[in-house]
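Chains as they are written, first to last, in the numbering used here: chain C, 258 to 804; chain G, 258 to 804.
For each residue, glycine too, the CB sits at the ideal point set by N, CA and C.
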Ligand SMILES: Nc1ncnc2c1ncn2[C@@H]1O[C@H](COP(=O)(O)O)[C@@H](O)[C@H]1O
């Protein structure tokens, strides 16, 4: 027996329509290309996005076509999203930090028909398209005068297109399973793989994030997604803010501590989301300038493990930080380390172990940890296993079947993360499967060591990798980048680990590097570190495994 | 091009599964039949619901079959919901306050195959089934000893069924469009009509309600739905609480001020939802006893217009009340009178007109007001029109096509309410279309007059109906029930309206009644009032329309 409710497909055009119709004059603020802070609103964004849709249709873009963007977090980028998704085309957000070769692969693989480009990325896009068989349109997110004709002779200006286009875009009206966005993720090996979000998954993800125990966005918030719009759609935040009509503040290209601090204080940002390194930068800036955070109340930190020093640092400024875990393949919300009433009742020090776990799944995310045979492992907080995840917002396959079948027998996706789940329901990432260090047949969690080491006052960034060892197969090597002007001995850094990890987990030594190699999403790139330190000579520190 | 996300149907069994798996020991508290406060948790509810499913299947219940409940808000009723919905059958919540004749009609029309009954309703169910061709099972929500064999010789005891049943219920795995719940609504004319919710609409509704600007439920809440589970599924609250793992407190049969107050204070209830009369009862109790509310922070009030006196009364106790508007046909969330930042910045007195409107639609609800020709009317806060609504949680038809086609050309449902929408996006119900009073060809809002009159300290309940008038066609008559022991003259009551409504809206007189006739969902039954006062002699109060 079927229910008798309305057929109302969950499509993204409805989000901006709702925002424009009911919260049309609510502000969207962004750091423009010239560094100034500019303002628009949801009604204007819809009006321009509709015209851009018509213009794209005029250029031959059809539903299902992939249209790429290479842009920072700003209102024009958001207009592209709605223009492309609204008409049933697929918005393919390119990560400008990828290697040119990867970008070319991705653009060809996705068969992008057009690229919408922030002015600052003209040289990059010119170089990319010159070296490939590019026949699509290149549309500059700006006026005609901003186009660098020397390198992009045929580029179009979005302002010219919008000015000439009619408002009668054909939006929505398609099945909610229609693809709306495409984001590539770089795995350990092989080419980047495309995650193809549907309108349905995107709208459900948005609804899941709104709840108080996830983002908890209200119309009274001023929300600033620092996480780039090309990184899992800025965790969906620009859609969540439109859905509730809250103020959206987009930081553009300037993600340094000083610029973020200025934007936060000037616009009264209450809520934000970014990877840990961003918060390290902001806290460093505040420490140096004596700056304060007067409006910011809550931040979500994810993409990499959250070090205790950030939790405490932000707390000292009155900001509550919550760790989130997720992946491009999970839209990305997977878990949130919100405190349960039982944990919240404890003093801060006792809460810390839970705050530093990756968290609990909201409704809509099914999690399990399994052994190598795929059998479920207990939630005892001790036994680690491969983390598998399922839900309406989780990928079932990559574009064009790259990597083949990626779901297990129960339909769960294997995240490639190794995790424990404790009796209180908190999942903790022990390691990426590929980063796991196996000493004497037993696992050492690189993440746990990194978390503690990066709390050392002199350490800016820390990474632990396994290096081959004659007796133990592998032993951990700690690589550290110190804050500018600092100096330290290996033992000075290692001493902060003493008593906080098992003795046999202790890295055999510390190597100091000038700069840590960062990947395209701002995370430490351990592939490069492993290539750099394939066989580091280690002093013999341990003689036996044991506590 | 289709997205590549997982197929994960939105079904209700996943809600209780998520609660049991991740928040299994979070409390569900309820006032039991004997008046004591009893406790269970989500894990136990799932375990029992699964066994009950198996038992129902053993009794021949199949997916799609309708299974009725006649029960108060308690954990056993909730177990029935999950047992019935989990197996793909349809949970038909019966309203015990309907007339026996209506109940018999509804049970036959729905073709209920079984009734699950709170012990206190045995006489009612015995009387109902005795007078009809009832062949289904009658299952008592209690032990064998509680069955009154004299009147229900063949009844089964749920405790016996659960004890004997296996745990291997076949839950979920069906299409999300599958029906899960059925609720009848009594219209102006004709038989009650069945609204058939789907799993999809129910899960989407749950997600919509969680956001901060609607219910805003967090795991830290202790949430008490006072609105009955047979009234639009208690506004979905027992599902929302399970989804976030917060404490659920169910008040059972005792909805008087003293009992509610006891439960609130004893269990630390933070959030609740009910119709206005309930809050009037609670405030009255507090006033008489000098009681305080120490934990309650937020309440949603809907089902009838919210009088200012309740907003202020609750505020004096530190409770923020938010008006909600909705209908059985809208699952029921339609609008919420949450303050926008612009309104919130004003002093309380200036906020009040907005707080007393029915509110703004969350994402997922499309609203419009239209004239008699179906043309959209402006959002100027002045011109009233018929309120039409659309969304994934809105009915598209009644069970068995009762009332025929109920959607307009754009697929919107005509609510039968007359409303305005102001530039700030607040919808205000002016009247039920059928309750509208037309004086000299112009509308008078009975609701607006009732709101003010019921704020008079002596007035317990107030209703305004139109009575025939030789010159003006209709004129408003105010009917009032005073608080026990109070006495007043018509002019004393009318004086509180002076200056607050247009002069020609002034009711021509006041009639005092001992008790106000209340319908099955606790709202004033104007049908009965109109029958009682078909042609009341009115003094000539106005000579002309005008301000
Ligand atoms: N809070 C976190 N703690 C540790 N690792 C994380 C966290 N969030 C994300 N990750 C890692 O980042 C991966 C996803 O990367 P991406 O798809 O680029 O967002 C996950 O599989 C994790 O290994």
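Query: Helix, strand or coil at residue 474/C according to DSSP, with G and I counted as helix; Result: coil
Query: Any non-hydrogen atom of ligand 1 closer than 8 angstroms to residue 518/C Cβ; Result: no
Query: DSSP state of residue 362/G mapped onto helix, strand, coil; Result: helix
Query: Assigned exposure category for residue 640/G - 16 Cβ within 10 Å defines buried; Result: exposed
Query: Beta-carbon gap between residue 645/G and residue 620/G smaller than 9 angstroms; Result: no
Query: Amino acids of chain C, ordered along the chain, whose beta-carbon sits closer than 7 angstroms to that of residue 434/G; Result: 259 and 260
Query: Span of the beta strand (DSSP E) around residue 484/C; Result: Per DSSP, residue 484/C belongs to no beta strand (DSSP E) and is neither H nor E.
Query: Residues of the region 474-500 of chain G whose Cβ lies closer than 8 angstroms to any Cβ of chain C, in chain order; Result: 474, 475, 476, 477 and 500
Query: 9 angstroms Cβ cutoff, residue 816/C in contact with chain G; Result: Any question about residue 816/C goes unanswered here, given that chain C covers just 258 to 804.
Query: The alpha helix (DSSP H) enclosing residue 334/C, as first and last residue numbers; Result: 332-343
Query: N-terminal and C-terminal residue of the beta strand (DSSP E) that residue 703/G is part of; Result: Careful: residue 703/G lies outside any beta strand (DSSP E), inside the alpha helix (DSSP H) at 703-710.
Query: Length of the line joining the Cα atoms of residue 792/G and residue 539/G; Result: 36 angstroms
Query: Other residues of its chain near residue 600/G: CB distance less than 7 angstroms, five sequence neighbours each side excluded; Result: 608, 611 and 681
Query: Beta-carbon proximity list for residue 804/C, same chain, < 8 angstroms, skipping 5 on both sides; Result: Bear in mind that the predicted position of residue 804/C carries a pLDDT of just 47, short of 50, making it unreliable; the figure below should be weighed with that in mind. For residue 804/C, where only same-chain residues beyond five positions count, the Cβ hits under 8 angstroms are 759 and 760.
Query: Chain G within 9 angstroms of residue 804/C, Cβ atoms only; Result: Model confidence at residue 804/C stands at a pLDDT of 47, short of 50, so the residue's coordinates are unreliable; what they give is reported in the following sentence. No, residue 804/C does not count as interfacial toward chain G.
Query: Cutoff 9 angstroms: residue 337/G Cβ touching any chain C Cβ; Result: no
Query: Exposed unless 16 or more other CB atoms sit within 10 angstroms - verdict on residue 379/C; Result: buried
Query: Cβ-Cβ separation, residue 734/G to residue 790/G (assumed contact under 8 angstroms), whole Å; Result: 6 angstroms
Query: Contact residues within the region 611-637 of chain C, judged by C-beta distance below 7 angstroms to chain G; Result: 617, 618 and 620
Query: Cβ shell of residue 484/C (< 6 angstroms), same chain only, five flanking positions each side left out; Result: 491, 492, 530 and 531
Query: Beta carbon proximity, residue 670/C to chain G, threshold 9 angstroms; Result: yes
Query: Segments assigned beta strand (DSSP E), at least 3 residues, entirely inside the region 520-596 of chain C; Result: 528-531, 555-558, 577-583 and 590-593
Query: Check: residue 302/C C-beta below 8 angstroms from any heavy atom of ligand 1; Result: no
Query: Enclosing beta strand (DSSP E) for residue 750/G [first to last residue]; Result: Careful: residue 750/G lies outside any beta strand (DSSP E), inside the alpha helix (DSSP H) at 747-751.
Query: Residue of 737/G, 660/G, 603/G and 326/G minimising C-alpha distance to residue 786/G; Result: 737/G
Query: Counterpart residues of residue 700/G in DSSP-defined beta bridges; Result: 695/G
Query: Contacts of residue 597/G in chain C (Cβ-Cβ under 7 angstroms); Result: 476
Query: Start and end residues, alpha helix (DSSP H) containing residue 461/C; Result: 456-467
Query: Whole-angstrom distance between residue 694/G and residue 771/G, CA atom to CA atom; Result: 24 angstroms
Query: Residues of the region 263-277 of chain G with Cβ closer than 9 angstroms to any Cβ of chain C, in chain order; Result: 263, 264, 265, 266, 267, 271, 272, 274, 275 and 276
Query: At least 3 beta-carbon pairs within less than 8 angstroms: the region 512-528 of chain C vs the region 453-463 of chain C; Result: no
Query: Rounded separation between residue 712/C and residue 566/C - CA only; Result: 5 angstroms
Query: Any C-beta of chain G under 9 angstroms from that of residue 461/C; Result: yes
Query: Beta-carbon proximity of residue 205/G to residue 456/G, cut-off 9 angstroms; Result: Within the shown structure, residues of chain G are numbered from 258 to 804, placing residue 205/G beyond reach of any answer.
Query: CA nearest to the CA of residue 475/C, picked from 685/G, 596/G and 557/G; Result: 596/G
Query: Residues near residue 368/C in its chain [Cβ-Cβ closer than 7 angstroms; skip 5 each side]; Result: 323
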